[in-house]
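Read through the structure below, which is laid out as structure tokens, and then see the notes.
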Amino acid sequence: MRFALPRRWQRTRYAPPPRKSEEREIGMGMESEEESEDEGEGGEEVVSGRGRNGIMGVLWVVLSVVGTLGGRRMLRGGFGYPFYFTFLLQLAAYIIVAITVLLVRAKDFRGARRKEDEKYTWGETFIFLARTLVSSAFAGPATLCAVKALMLYDNLPVLAMFPILTYACDSLLFRLAYVCYLLPRGQTISFWRFPRVILVLFGGVLVVYQDYRLDQEALLYALSSFGLFSLSKLFSRIGPKIESRREEPWESFLLVYLLAGIIPLIMSGFATAKLENMVMAGSIAQSWSITYRLFNLGPPVALLAIFGSSINAAYPFISEEHIGGALEEPSEPAREAVTNTLHSGFWILTIGVLSQEYNFIDWLQVIAFTLIYVVCVGPKHIGYYPPRVLNLILRLFRRRPLPIHAKPWQFPFFLATTTLVFAVLISTNVVHWVDTIAYDRSVATFHTPPSPNLDQIYRPPKVRSFEVVIAHSAGDPIQAITALTSMVQYHGYLNFLQPTINLYSQDAIFNTSTAITDLESLKGPFTGQLNITPLPNTGGPTAALLHHILYSWDWLPVQTLFLSTSSITANPPILSQMIQHINQYFTPMGFPLPDALPKTGFLALGPLEPCSCTSCIDSLGWEDSFHLLASMFGAANKDAKTCETVLLTYGNNFFASAARLRGLDKDVYQLLYDALMKRDTKNSWAHAKEKLPTMKEGERRDSGGRWGQGGVYEREDSLEAPWLGKTVERLWGVLLQCSEGRIAWGCAGFGKGRLGGVREDCGCSE
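Under the UniProt record's numbering, think of the first position of the sequence shown as 1, with each following residue one higher.
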């Protein structure tokens, strides 16, 4: 966030150079192009050291990068409470600033009194207070949206390119406000620099369009944060201009922060109380060690206290003398603001991909980001990069740096050459770093054998055979069965294969009703064969699927589609997502011979999530308390010596081929099935208390979270709904040897298509 301060109180301000007599104000012409943004670097010699603004800019970049990455690691690593996280940051920063002010005031309690001509009038004081409070009222929700987007947005490299859009919003809003006479008159404006704003907007649209993991909700939060930050700046400047009457002390910024920080703190606390589980979030926060808090919360708190800036945001900059914002202002502080914002995004992109991020970036996205950098920073500034890099190397070897002169670096030939080389090097190295180095490093942790262990000897009774297996759980409506049969009938791929549907019902009421004999009404529009098999209400839907695999072991079809009514009962929109996913990534068996062409061996019809084999806790709070990930990975991949990372599946909805189903020993299926079906719970390892998840300190069933309503452990472990079934549900990709790193990176997501992608992106072919 950025608060309204008198000009002398601001950390970054624009002091306009003396204008020539022929330069005109807005409405009378354009600015002179001689007022170059690189003024000061075209002289005979440039000072190689950094001033105070440069040092503060570097500090902001460091805190922004470390704070953003730390915040994302926390929010996507089991602490899914972005509003509570924001509340902690704002509360800690507010306390630090308050203590600092108290210490300063205690040292100099009276301070220097203002003279009569230095005092503000009551009207000026009221305007200042109103600006500050209204501005902070927009900065509060802007910070909440920024942190929420940081948690939700899947593609971190793309998200890191977005904050520069804040300055584009500044330009549009400030120009509109000036036209509407909301801003003071007599400010300069640049018409010939406005194409920069258009370029940034066009680059942002291109980056979003090429994002193969675009989440509309997360994008809306990100764009809302940029717009609200710009509105916060705008309202801090609406009304008459108030000049500072004297040189204000440095602690004046802290006093304004104490005033402006009240509303955002109240907003984040209210949002946490209304929209999140404060008890659960507080209990998790209490379990953090001091080192963990300092490393992950310290940088964003320092960023907020020192700069009044949020993570996942642009460098705080407001101009008092120019209309349009940092992208258009011809000053060194404005260019530093743009440069720092772009540098922060660059380092978040390059460092972030080394953590638990599985995202590709596209050439067009990198080219758009590089073009924005070159145009906004300017070739004249980039022209000094070679001597500055040389001086950096000399400092590393403790040599005296060389003075930097304009000649020959500012000659047109050197400017063009340096800019072109810089753009090519940045673009190619970023793409290679993310799409090759980081990708290879991440994929190596999955330890997938070169070729899966398939049953190549088995031949189905029918050369081209396809079946659909539906697990009907107790309590699920009959309409769920009809919806799945209708999907099979109306889907072109599935109907062409002329499937047989096998329905396994664990609903005792359904099994004893007349519906089981009224096949025509149950089938709905489906015209194929429907077989119904009643099962006891034990083991959940995973037991029904395991029963079919074991029972049909010797006559499994070429491909089988496994479905569960519990998925669409709990989340009806998932049915349309399944249809879209099948259209994008399913490859049916070839005609007339199924092995003549590649076909889908495994495809999960649900979300996928990478997780560690040793200590896996997924985003829903499920944990591998049975320690089956490593053992099942070893059983499915006998040549693999270690298990480090696997892909979890969700929903008990997937395609599987007979070769993959039989590639795993039948004893493994039997082991899991017996554990789910064993009614003697006292002697069953599936229900042993030492193997079940336990509540951590502060967790309660009435406090939400994974134990509360809608949580993964909402229902108690039982024969009808064993918690082991939730583990087996997540193991299908591991058991069927399709837990690969390339899927974690290449799959756009459940129900999403990828521009330029292939059908193997989300599954395994054979």
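We treat Cβ as the ideally placed atom computed from N, Cα and C, and that holds for glycine.
With respect to phenylalanine 422, isoleucine 382 sits close: the two C-beta atoms are nearer than 7 Å. For the set Met578, Ile743, Ser505 and Ile509, the Cα lying nearest the Cα of histidine 548 is the one of Ser505. An exposed status is given to glycine 123, since fewer than 16 other beta-carbon atoms sit within 10 Å of its beta-carbon.
With fewer than 16 neighbouring CB atoms inside 10 Å of its own CB, serine 289 falls in the exposed class. If you draw a straight line from the Cα of glutamate 243 to the Cα of serine 236, it comes to about 14 Å. Excluding sequence positions up to five before and after methionine 267, its CB lies within less than 6 Å of the CB of Gly140, all in the same chain and listed in chain order. Residue environment for asparagine 429: exposed (fewer than 16 other C-beta atoms within 10 angstroms of its C-beta).
With distances taken between CA atoms, serine 552 lies nearest to Gln670 out of Leu354, Gln670 and Gly756. Ala149 is the residue among Ala177, Ala149 and Arg335 whose C-alpha sits nearest the C-alpha of aspartate 215. Secondary-structure assignment with DSSP links glutamate 609 through a beta bridge to Leu648. Counting the other CB atoms within 10 Å of its CB gives histidine 687 a total of 16 or more, which places it among the buried residues. Annotation: the continuous beta strand (DSSP E) that includes leucine 503 extends over 500-505. For the region 430-506, the continuous alpha helix (DSSP H) assignments of 4+ residues that do not extend past its boundaries occur at 439-443, 478-490 and 492-496, in sequence order. Within the same chain, and ignoring the five residues on either side of glutamine 489 in sequence, the residues whose Cβ sits closer than 7 Å to its Cβ are Asn495, Pro525, Phe526 and Thr527.
Under the 8 Å Cβ criterion, the region 616-630 does not count as touching the region 655-662, having fewer than three qualifying pairs. Judged by DSSP in its simplified three-state form, isoleucine 743 adopts helix. For threonine 642, there is no enclosing alpha helix (DSSP H), since its DSSP letter is neither H nor E. Within the model, the alpha-carbon separation for glycine 634 versus serine 739 is close to 12 Å. Taking a C-beta distance under 7 Å as the contact criterion, alanine 305 and valine 97 qualify as a contact pair. Leucine 731 sits away from alanine 636, with the two beta carbons spaced by 7 Å or more.
Ranked by Cα distance from methionine 161, the first of Asn340, Thr500, Pro541 and Glu716 is Asn340. Look at glutamate 320 here: in three-state DSSP terms it is coil, with no helix or strand label. Within the same chain, and ignoring the five residues on either side of serine 171 in sequence, the residues whose Cβ sits closer than 8 Å to its Cβ are Phe194, Val197, Gly324, Gly325, Leu327 and Glu328. The C-alpha of threonine 86 lies about 28 Å from the C-alpha of leucine 608. Within the region 181-252, the complete alpha helix (DSSP H) segments at least 4 residues long are 194-209 and 216-235, listed from N- to C-terminus. Relative to lysine 462, the option among Leu556, Met487, Ala508 and Ala146 whose CA is nearest is Leu556. Look at cysteine 738 here: in three-state DSSP terms it is coil, with no helix or strand label. Under the DSSP assignment, asparagine 155 falls outside any beta strand (DSSP E); it carries neither an H nor an E label. In terms of CA proximity to tryptophan 60, Ala314 leads the group Ile262, Thr645 and Ala314. Taking every protein chain shown into account, the CB of methionine 151 has 16 or more other CB atoms within 10 angstroms, so this residue is buried. Counted as a single uninterrupted DSSP element, the beta strand (DSSP E) harbouring phenylalanine 655 occupies residues 654-657. Counting along the chain, alanine 302 sits inside the alpha helix (DSSP H) bounded by residues 290-307. With a 10 Å radius around the Cβ and a threshold of 16 neighbouring Cβ atoms, glutamine 709 comes out exposed. The beta carbons of threonine 587 and arginine 754 sit no closer together than 7 Å.
Taking a contact as a CB-CB distance under 8 Å, the pair proline 572 and asparagine 652 does not count as one, their CB atoms being some 16 Å apart. At a Cβ-Cβ threshold of 7 Å, glycine 227 and cysteine 169 count as neighbours.
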